[in-house]
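What follows is a single structure, written as structure tokens, with notes after it.
Residue numbers (the working numbering): 146 to 374.
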């Protein structure tokens, strides 16, 4: 942990900046438990009250989450993702899937025209992992593998804004993928058509394949909600 002793002026702001740096740099990863107030205060050379105020501010910003009797965890990697996470917690799965469609269909289209050999290798590897986890019946592993696949496609667009926005959307996507997996039960949605189109450099086919996948999920989710209602 690379924390430096804070100066006396604007202590809380300085501590906020340093804690935020630990999060945004990846030193403290998503869902990781951060050091205790006592440890942080010692490293920073400030009082525990100062650390507590800084943690409270970052919790309000959505970057941290305090769990009573357990500790404080990283909830988001940026203030944008924190704000997005708060908004999406109140959103319906259908709304999230509609936004997911906008991201993933456009990503597939762009990836088909911009992918490199390295991108293709990464996408194909992610697809294989996705299929293996589904076949193995490991729901949590499948959710992560499916998300890794879509992240690989987004990264192949080489659009830094899209990559950042999709990354900020990841927490809600995990919930969306998990819900889709539950509603689809044994109905597997193959993603190989997306990969074939990206490899072939066919943007139109990649767009159609991406759209078809999300439409399949939307239909299945709508049907499950109708049955539940």
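Every residue, glycine too, gets a C-beta built ideally from N, C-alpha and C.
Give me the Cα-Cα distance between residue i and residue j, rounded to the nearest whole angstrom.
i	j	result
residue 185	residue 196	7 Å
residue 223	residue 313	8 Å
residue 334	residue 261	25 Å
residue 204	residue 288	26 Å
residue 246	residue 355	8 Å
residue 193	residue 171	24 Å
residue 159	residue 311	29 Å
residue 257	residue 337	13 Å
residue 198	residue 161	9 Å
residue 385	residue 177	Any property of residue 385 remains undetermined from this structure, which presents the chain solely from 146 to 374.
residue 319	residue 242	11 Å
residue 264	residue 202	39 Å
residue 211	residue 292	26 Å
Assign residue i to one of three DSSP states: helix, strand, or coil.
i	result
residue 218	strand
residue 197	helix
residue 334	coil
residue 315	helix
residue 339	helix
residue 301	coil
residue 261	coil
residue 283	coil
residue 344	helix
How would you call residue i, buried or exposed, if buried means at least 16 neighbouring beta carbons within 10 angstroms?
i	result
residue 306	exposed
residue 345	exposed
residue 270	exposed
residue 253	buried
residue 167	buried
residue 349	exposed
Since residue i sits in a beta bridge, which residues does DSSP pair it with?
i	result
residue 210	218
residue 178	218
Can the beta-carbon of residue i be found less than 8 Å from the beta-carbon of residue j?
i	j	result
residue 248	residue 275	no
residue 268	residue 301	yes
residue 218	residue 209	yes
residue 298	residue 339	yes
residue 364	residue 351	no
residue 250	residue 359	yes
residue 239	residue 366	yes
residue 303	residue 353	no
Heavy atom of the ligand MG less than 7 Å from the Cβ of residue i, yes or no?
i	result
residue 290	As presented, the structure is devoid of all ligands, the ligand MG included, so that no description of it is given.
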